[in-house]
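Notes follow once the structure below has been shown.
Residue numbers (this note's numbering): 294 to 494.
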């Protein structure tokens with residue numbers, strides 16, 4: 294497994310597409326020795342659908358350009374051989390492109406969310422998830438969040454207890470500015486509530 298971490302615009306897509314092409318090229322080389330060609334065994338993952346689509350498009354575009362243009366072929370050959378020098382004498386972008394397009398529906402270039410969704414669907418029963426999974430829209434997610442927050446608020450009037458509960462809802466982000474803001478609002482709100490409920494002297 295290779296994890297590529299970098300800022301926007303720093304070449305992650307280029308690097309990831311190069312590594313993906315190198316892995317597929319090595320797989321095709323091993324196929325000549327009897328190994329199976331299985332593009333579904335190679336996973337490229339990122340955060341958004343747009344980024345996943347960009348990675349897939351970059352892979353196919355670079356291969357197509359290399360198949361049609363000698364300069365692009367040399368450029369891609371050199372990049373791939375930096376990842377795997379053993380590909381120097383067997384790199385064939387036209388063949389890689391043909392094989393990938395023939396099995397386009399099996400390419401595993403997807404978002405992290407979709408990877409975990411598939412894992413949850415496959416192994417949900419083993420970890421106690423109710424199946425089939427129900428996926429919420431943004432509006433449904435917001436409503437569920439409000440219900441969870443309301444439940445936290447209704448179960449306690451102790452500020453420290455509510456703060457701890459909110460921390461759990463925020464995945465333990467104790468130092469987050471959001472939690473501090475919520476905590477401050479809760480503190481002032483609960484104080485005001487107590488003031489209104491105090492009996493007259």
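Positions of the beta carbon are idealized from the N, C-alpha and C atoms, including for glycine.
Sequence-distant residues of its chain with Cβ nearer than 6 Å to residue i (five each side left out)
i, result
"residue 468", "Low per-residue confidence applies at residue 468: pLDDT is 49, beneath 50, and the placement is therefore not dependable enough to give any value."
"residue 381", "374"
"residue 325", "none"
Other residues of its chain near residue i: CB distance less than 7 Å, five sequence neighbours each side excluded
i, result
"residue 465", "For residue 465, the pLDDT reaches just 47, beneath the cut-off of 50, and the residue's location in the model is therefore unreliable, although a value from the coordinates is still provided. Here the set comprises nothing."
"residue 340", "404, 405"
"residue 310", "348, 351, 352, 355"
"residue 376", "311, 312, 315"
"residue 386", "356, 359, 360, 366, 369"
Nonlocal neighbours in the same chain, by C-beta distance under 8 Å from residue i, ignoring five residues either side
i, result
"residue 424", "414, 417, 418"
"residue 393", "317, 332, 352, 353, 356, 400"
Residues bridged to residue i (per DSSP)
i, result
"residue 402", "337"
Boundaries of the alpha helix (DSSP H) in which residue i is found, first to last residue
i, result
"residue 418", "Per DSSP, residue 418 belongs to no alpha helix (DSSP H) and is neither H nor E."
"residue 364", "363-376"
"residue 395", "386-395"
CA nearest to the CA of residue i, picked from the options
i, options, result
"residue 383", "321, 402, 330", "321"
"residue 346", "397, 327, 362", "397"
"residue 372", "391, 452, 440, 308", "308"
"residue 305", "433, 427, 344", "344"
C-beta neighbour in chain B for residue i, strict 8 Å
i, result
"residue 318", "No chain B is part of this structure, which consists of one protein chain only."
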